[in-house]
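Input: a single structure, listed below in structure tokens.
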Amino acid sequence: MKRIAIVLVGLLSFGIQAQEIGLLKYNGGGDWYANPTSLPNLIKYCNASINTHIKNKPVTVEPSSPDLFSYPFVHMTGHGNVVFSPADITNLRNYMLSGGFLHIDDNYGMDEYIRREIKRIFPDKALQEIPANHPIFTGPNSFPNGLPKIHEHDAKRPQAFGIFENNRLVLLYTFECDLGDGWEDADVHNDPKEVREKALKMGANIINYIFNN
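Residues 1 to 213, numbered by the working numbering, are exactly what the sequence shown covers, in order.
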């Protein structure tokens, strides 16, 4: 309990000075390193548009590392399998319950694996679809229809799922959307400017929610 209390104090101090955000390096075979330009571009956009002070490069962090607690936002992506060790599970749960936030963005192909692992982290909680009137969709940019569609994949509707603790969203899982692709450099996927802008605005909403909740 003492360690968690200390960590919580640290997490509550986010926003006072320049902060770092993390990219989760996980085991299982999935390409955790996909979309290498996405987070730097999101950071640049947020610092310019919503007055954040985030260091330019994300830090790679492993799920069992105590360093996890240094980052208010940790992003996870990939196309394949995900396997968390028991130590990973405990650390990730403590991180989120202590004030941290995990964003999982399915880059197409990780859905069945990550749902299994989320259930291991929170066996007593179920993923809930997040309604379009949730604060994550209402400010600073308005998304009245909820999560935007960035890439087609299976042509299913985009969905945002969450795990909540005391009404605070602690885990966001974005499915059939591929925000990370929209954050990448323009020449990576050749997305139109308006599509990239939409993805970056949604990313800014996520970061805004974290720093204000």
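Even glycine gets a Cβ: it sits at the ideal position worked out from N, Cα and C. For clarity, every value in this text was computed on a predicted model and none was experimentally measured.
Check                                                                                                                                                                   : Outcome
Who are the Cβ neighbours of Lys198 in its own chain at under 8 Å, not counting the five residues just before and after it?                                             : Pro148, Ile150 and Gly182
Rounded to the nearest angstrom, what separates Ser13 and His75 at their Cα positions?                                                                                  : Low confidence applies here, because Ser13 scores a pLDDT of 45, under 50, leaving its location unreliable; read the following figure in that light. Going from the Cα of Ser13 to the Cα of His75 covers about 20 Å.
Considering Met96, what are the terminal residues of the alpha helix (DSSP H) in which it resides?                                                                      : Pro86 to Leu97
Please list the terminal residues of the continuous beta strand (DSSP E) segment that includes Glu112.                                                                  : From DSSP, Glu112 is part of no beta strand (DSSP E) but of the alpha helix (DSSP H) over Asp111 to Ile121.
Report the CB separation of Gly100 from Phe69 in whole angstroms; it is logged as a contact under 8 Å.                                                                  : 7 Å
Within a Cβ cutoff of 7 Å, which residues of the same chain sit near Phe137, ignoring the five residues on either side of it in sequence?                               : Phe143, Gly146 and Asn205
So what does DSSP say about Asp106, is it helix, strand or coil?                                                                                                        : strand
How should Gly29 be labelled, buried or exposed, when 16 other C-beta atoms within 10 angstroms of its C-beta is the threshold for buried?                              : exposed
Give the list of continuous alpha helix (DSSP H) stretches no shorter than 4 residues that lie fully inside the stretch 40-88.                                          : none
Quick check on DSSP: helix, strand or coil for Leu12?                                                                                                                   : Below a pLDDT of 50, predicted positions are generally treated as unreliable, and Leu12, at 44, falls in that range; the measurement from the model is reported next regardless. Three-state DSSP puts Leu12 in a helix.
Suppose contacts are defined by Cβ-Cβ distances below 8 Å. Is His53 in contact with Ala87 by that definition?                                                           : no
Cα separation between Lys44 and Leu200?                                                                                                                                 : 10 Å
Taking the alpha-carbon of Asn56 as reference, which of Ser49, Asn167, Pro72 and Leu39 has the nearest alpha-carbon?                                                    : Leu39
Excluding the five sequence neighbours on either side, which residues of its own chain have a C-beta within less than 7 Å of the C-beta of Ile6, listed in chain order? : For Ile6, the predicted structure reports a pLDDT of 39, less than 50, and the residue's modelled location is therefore unreliable. The matter cannot be settled from this model.
Name, in chain order, the residues that DSSP records as bridge partners for Ala160.                                                                                     : Thr174
Quick one: using the 10 Å Cβ neighbour count with 16 as the cut-off for buried, is Ser85 buried or exposed?                                                             : exposed
Is it buried or exposed for Asn208, if we count other Cβ within 10 angstroms and need 16 for buried?                                                                    : buried
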